[in-house]
Amino acid sequence: MAKEKSIEERIDQLHADGVIDLHFDLPMDLYEKRKRNNVLKTEFLPELEAGNIGAVGVAIYIEDRYLPETGLRVALDQIARLYAEAEQCPRFAICKSYQEIVHARKDRKIALLITMEGIEPLGTDLNLLRVFYELGVRAIGLTHARRNAAGDGGIFAPTGSPRDGLTGFGRDVVRQCQTLGVIVDLAHINPAGFEDILAITTKPVIVSHTNPRRYYDIERNISDEQIKMIGERGGVIGVNSVLVSPREEESTLDRYIDHIEHIADLIGIGGVGIGFDFFEFIYRQWPESAQKELAAKFTTPHFIPDLRNHSHTRNLTRRLIERGLSDEKIEKILRGNWMRIFEELL
Ligand SMILES: [Zn+2]
């Protein structure tokens, strides 16, 4: 009993400054519920608070059905809903810089960092990147799984992604991101595009939500060689909770931590963070036909039973402690490494 209590106290201390998750598909859900108010407060805040979440990367993502005609409009509306919802609940603050994140945390607010997953909202117009920057977008991944004007996504299979690297437009977007102060996110990009981005950037880059191919060998994830490239650049890799294993029985909290430890073994504890990609709340809202379409196009997601939403974050920290990681290392994984990236780049 005494030992039990001390673990919970350690979790409290480790979570005191707030855990950071760099990938959450919040804006698309707020957009689908745009006729309602206080969605953030009633549907998300309780779980975020239960998990002591201090900052979240919230990703603008445009579903196929809106493309190409209304991609820009839906992206703007997703951002509009984020601002409206954050205004309705003073527990949230949309942050555009490291200093704003620090201030938000001092006020015990949850910092929302707007990110973009796939540059479809830009079309082929580089000018719009500046507009999205002004609206608060501070991290951009060029592609989701599908091809777009910037490049190709890695497929959900061990080989077979398009061999092409970035397009000229994709290269322009990456260069402009570095000029503006937008974090370049390599999640989803195909292996050729991954190498191109590293060749034309000089600052640290991130992979907001991905996993080592060692335990889930698909080109949507990243190889040991790619992990080392991120490490050499001083970047951070966020470990994903929905692509932990192709097998349901191996999609466990322990396997999630195996991914963390594998990255740390390759590039050190300073290169690994959290990018939960909690997705079950959206998946559950879909009709069976949409769930089947996802399985056919990509994969059937296996949600980790005790790490399915933000309220379960304490389960992760508890297991990290039980597996013998020091508090110093756990703090870096949960918060410190992403804060270093924010301080360096935002
Ligand atoms: Zn994704």
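Numbering (the working numbering), first residue to last: 1 to 346. Ideal Cβ placement from N, Cα and C applies to all residues, glycine included.
*Residues sharing a beta bridge with L113, DSSP*: The residue given as residue 113 occupies position 113 in the sequence shown. Bridge partners of L113: G57.
*Who are the near neighbours of V137 in its chain, counting only those whose CB is closer than 6 Å to its CB and skipping five residues on each side?*
Position 137 of the sequence shown, counted from the start, is the residue given in the question as residue 137. Non-local C-beta neighbours of V137 in its own chain, meaning closer than 6 Å and more than five positions away in sequence, comprise I114 and M116, ordered along the chain.
*Helix, strand or coil: how does DSSP classify I119 here?*
Here residue 119 corresponds to residue number 119 of the sequence shown, with the count starting at 1. It is coil, neither helix nor strand.
*Of all residues in the structure, which have a C-beta closer than 7 Å to any heavy atom of ligand 1, taken in chain order?*
Ordered along the chain, the selected set is H23, E117, H144, A187, H188, H209 and D277.
*What runs of the alpha helix (DSSP H), each 4 residues or longer, lie entirely inside the stretch 18–53?*
Runs of the alpha helix (DSSP H) inside the stretch 18–53: 26–32 and 45–50.
*Residue from Q13, V272, G231 and G51 whose Cα sits closest to the Cα of F278*: Translated into the one-based positions of the sequence shown, residue 278 becomes position 278. With respect to the C-alpha of F278, the residue from Q13, V272, G231 and G51 having the closest C-alpha is G51.
*asked:* Less than 8 Å between the beta carbons of A264 and I218, yes or no?
replied: Taking the sequence shown and counting its residues from 1, one reaches residue 264 at position 264. Taking the sequence shown and counting its residues from 1, one reaches residue 218 at position 218. No, they are not a contact pair.
*Where DSSP assigns a beta bridge to T299, which residues make up the other side?*
Here residue 299 refers to the residue found at position 299 when the sequence shown is read from its first residue. According to DSSP, T299 bridges with nothing at all.
*Is it true that the CB of I304 sits closer than 8 Å to the CB of L253?*
What you label residue 253 is simply residue 253 of the sequence shown in a count that begins at 1. What you label residue 304 is simply residue 304 of the sequence shown in a count that begins at 1. Yes. Within cutoff.
*Can you tell which of D12, L180 and N315 has the C-alpha that lies nearest to the C-alpha of E134?*
The count along the sequence shown starts at 1 and reaches residue 134 at position 134. Considering only alpha carbons, the answer is L180.
*Please state whether DSSP places T179 in a helix, a strand or coil.*
Here residue 179 corresponds to residue number 179 of the sequence shown, with the count starting at 1. Residue state, collapsed to three classes: helix.
*Are D29 and I274 closer than 8 Å when you measure CB to CB?*
Within the sequence shown, the letter at position 29 stands for residue 29. Within the sequence shown, the letter at position 274 stands for residue 274. No, the pair does not count as a contact, with Cβ atoms beyond the cut-off.
*Check whether the Cβ atoms of P46 and Q78 sit closer than 8 Å, and answer yes or no.*
Working through the sequence shown from its first residue, we reach residue 46 at position 46. Working through the sequence shown from its first residue, we reach residue 78 at position 78. Going by C-beta atoms, P46 is not nearer than 8 Å to Q78.
*If you drop the 5 nearest sequence neighbours on each side, which residues of the same chain put their C-beta closer than 6 Å to that of L320?*
As a working mapping, residue 320 is identified with position 320 in the sequence shown. I330.
*Can you give me the start and stop residues for the alpha helix (DSSP H) that G231 sits inside?*
Position 231 of the sequence shown, counting from 1, holds the residue named residue 231. In the DSSP annotation of this structure, the continuous segment of the alpha helix (DSSP H) that includes G231 starts and ends at D224 to E232.
*Report the rounded CA-to-CA distance for R175 versus E195, giving the unit in angstroms.*
Within the sequence shown, the letter at position 175 stands for residue 175. Within the sequence shown, the letter at position 195 stands for residue 195. Within the model, the alpha-carbon separation for R175 versus E195 is close to 14 Å.
*Touch test, the stretch 82–93 against the stretch 6–14, Cβ-Cβ under 8 Å, three pairs minimum*: Taking a cut-off of 8 Å for Cβ pairs, the stretch 82–93 and the stretch 6–14 do not touch, as fewer than three such pairs fall below it.
*DSSP three-state assignment for A75, whether helix, strand or coil*: Counted from its first residue, the sequence shown places residue 75 at position 75. Reduced to three states, the DSSP call for A75 is helix.
*Give the straight-line distance between the Cα atoms of G324 and T70, rounded to the nearest whole angstrom.*
Within the sequence shown, numbered from 1, the residue matching residue 324 stands at position 324. Within the sequence shown, numbered from 1, the residue matching residue 70 stands at position 70. Answer to the nearest angstrom: the Cα atoms are 49 Å apart.
*Please name the residue, chosen from D25, L316 and L345, that lies closest to V56 on a Cα-to-Cα basis.*
Here the question's residue 56 lines up with position 56 in the sequence shown. Of the candidates D25, L316 and L345, the one whose C-alpha sits nearest the C-alpha of V56 is D25.
*Beta carbon of I237 nearer than 8 Å to that of V205*: Within the sequence shown, the letter at position 237 stands for residue 237. Within the sequence shown, the letter at position 205 stands for residue 205. For I237 and V205, no; Cβs fall outside 8 Å.
*Give a yes or no on whether the C-beta atoms belonging to I94 and A75 are separated by under 8 Å.*
Within the sequence shown, residue 94 is the residue found at index 94, counting from 1. Within the sequence shown, residue 75 is the residue found at index 75, counting from 1. No, the pair does not count as a contact, with Cβ atoms beyond the cut-off.
*Taking the C-alpha atoms as reference points, what is the distance between A150 and R73?*
The residue labelled residue 150 in the question sits at position 150 within the sequence shown. The residue labelled residue 73 in the question sits at position 73 within the sequence shown. Roughly 19 Å separates the two Cα atoms.
*Excluding the 5 residues preceding and the 5 following F92 in the sequence, name in chain order all residues of the same chain whose CB lies nearer than 7 Å to its CB.*
Walking along the sequence shown from the start, residue 92 turns up at place 92. Only L40, A86, K109, I110 and L112 meet the Cβ criterion.
*Taking the alpha-carbon positions, what's the T313 to V173 distance?*
By 1-based counting over the sequence shown, the position of residue 313 is 313. By 1-based counting over the sequence shown, the position of residue 173 is 173. Straight-line Cα distance between these residues: approximately 34 Å.
*Name the two residues that bound the continuous beta strand (DSSP E) containing V236.*
Residue numbering aside, residue 236 sits at position 236 when the sequence shown is read from its first letter. Where V236 is concerned, the enclosing beta strand (DSSP E) stretches over V236 to V239.
*Return the Cβ separation of D21 and I53 in integer angstroms, given the expectation that the two are a contact with Cβ distance under 8 Å.*
In the sequence shown, residue 21 corresponds to position 21, counting from 1. In the sequence shown, residue 53 corresponds to position 53, counting from 1. Yes, they are in contact, since the Cβ atoms of D21 and I53 sit about 6 Å apart, within 8 Å.
_Where the beta strand (DSSP E) containing H209 begins and where it ends_ = For this step, residue 209 is matched to residue 209 along the sequence shown. I206 to T210 is the span of the beta strand (DSSP E), which, as asked, contains H209.
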